[in-house]
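Structure first, commentary second.
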């Protein structure tokens, strides 16, 4: 049977066929992708797409190409999964096993209108990855009463805080807790197990005391710097943060614009809500963006994303190396117990629990537990751009990285989200800086640090202890409670505080900041 002969499937439903397309009830379905899989034809393999056969058999699409809510509800299983998204109904049955976030995320929307949940993490344009044959028809949302199970965020009371009332970075965390739904806030705020490392990250900076100099001319202070040769208004960059779309529909584009107007570098997460091309295209003229990568077990995927990011305009690559597996994040995972319709704590395909939102969204196969130092040569062979390793926490690993030619290191424990009771990044920073100095790498490798930075004085202390710049993650995500303006204000507050710190410390330029500017007691005095 040739495609041209593939006609009149279920009289009254299939109306005509031309080439490799099937027109049914007002929707045109491309069956070219199925031609090689059908076992019932000797001359040419032709398979009726599942969307065609299921519609034909059950006659749930109206003659006008519309799918009623009641009809949609009937397709809610692993073997028959329809989801309404942005006014159209899609048969995602064949896509369940291909979804990067696992099938459970899609199955929770099966037979429902999943638009609200979908747009929290994706833009409508991403639907282009689906085969055209997946479109069943137009969703007739007004045909019935909304079902009890329609996916969507839990409504919250009207927020009382305003952007104008935000005076410190910490204010934004309280605002985010009020404005975000519980699942979103806990995803951003949670950390590994008892969250000891996360708390220590923040409190450790208060152990460092400043030694201000007086009678210095600080009428003109310059906070500008260069990171790997890239200009920055002050020594802060936006750390890669996953799933910004949970916080605001503009997601990573809002962060890109906030970084651009603030004059700093944005490091784009490879687990972003939006496509990397969309995020890179949102940058301002002259703005610098780096791209973060998790090395995938299927190395071809890593190679592809590096090529895409480089073509889109990435100025450097940041490889995250502290995620052999997903950390156990209990607070995040408990949301799945309270509301299983959100996200399961079980990482699909494994027996591990505690992955919470990231476990369900990223899936079990996104991180490569086999990643080793030998793989750096392979990564370097894929690009001529500078490579930064994020997640280094010991002097030994810092030296190994430097010996293999990396351009930079981020001293990071993933915001305390991975291995709980690992040292604060402040304590690790000193060890890394000293180890690189002893081995003669101080001038060859730039050292950055993230974790618990909440004040401009924290930025100053990090620089005094040997960091070239600091990364800001959670604060800008909390800033997204107010959209782009909120993220911009977070960065503005940090810049103003850092500049004031320089003036009160008697320093005109970053080059004048030195180790003697701080008094740092023995780390063992920290009781956190």
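Residue numbers (UniProt numbering): 1 to 528. The beta-carbon is built from N, C-alpha and C at its ideal position, and this holds for glycine as well.
Inclusion of residue 169 and residue 454 in the CB contact set at 8 Å is warranted, their separation being smaller than that value. Residue 160 and residue 412 have their C-alpha atoms some 34 Å from each other. Here residue 479 carries a helix assignment [DSSP, helix/strand/coil]. Just so you know, the alpha carbons of residue 228 and residue 316 end up roughly 8 Å apart. The count of Cβ pairs closer than 8 Å, one atom from the region 125-140 and one from the region 162-178, stays below three, leaving the stretches out of contact.
Residue 114 places its beta carbon 8 Å or farther from that of residue 75.
Under the 8 Å Cβ criterion, the region 320-330 does not count as touching the region 222-237, having fewer than three qualifying pairs. Taking 8 Å as the upper bound for CB-CB distance, residue 461 and residue 446 are not in contact here, some 18 Å apart.
Between the alpha carbons of residue 276 and residue 109 lies a gap of roughly 25 Å.
Bounds of the alpha helix (DSSP H) holding residue 305 are 299-312. Within the UniProt domain "Cytochrome b5 heme-binding" (64-140), the complete beta strand (DSSP E) runs of at least 3 residues fall at 66-68, 80-85, 88-91, 135-140.
Burial of residue 497 is indicated by the presence of at least 16 other C-beta atoms within 10 angstroms of its C-beta. With a cutoff of 8 Å on beta-carbon distance, residue 393 and residue 428 are scored as near each other. Beta-bridge annotation (DSSP): residue 209 is paired with 519. Residue 270 is a Cβ neighbour of residue 293, given a cutoff of 8 Å. Taking a cut-off of 8 Å for Cβ pairs, the region 486-497 and the region 253-268 touch, as three or more such pairs fall below it.
Comparing alpha-carbon positions, the option among 388, 297, 390 lying closest to residue 371 turns out to be 297.
In the DSSP assignment, no residue is bridged to residue 503. Closest in alpha carbon position to residue 476, among 86, 257, 92, is 257. If you compare the alpha carbons of 391, 308, 450 with that of residue 382, the shortest gap goes to 308. For residue 318, there is no enclosing alpha helix (DSSP H); the residue is part of the beta strand (DSSP E) that begins and ends at 317-320. Under the 10 Å beta carbon count, residue 395 is surrounded by 16 or more other beta carbons and is classified as buried. Closest by C-alpha distance to residue 125, out of 181, 177, 278, 304, is 278. Sequence-distant Cβ neighbours of residue 400 in its own chain, meaning closer than 8 Å and more than five residues away, are 373. When secondary structure is reduced to three states using DSSP, residue 444 falls in the coil class, being assigned neither helix nor strand. By alpha-carbon distance to residue 96, the top candidate from 174, 80, 88 is 80. Comparing C-alpha distances from residue 418 to each of 331, 326, 231 shows the shortest one belongs to 326. The C-alpha of residue 478 is placed about 25 Å away from the C-alpha of residue 314.
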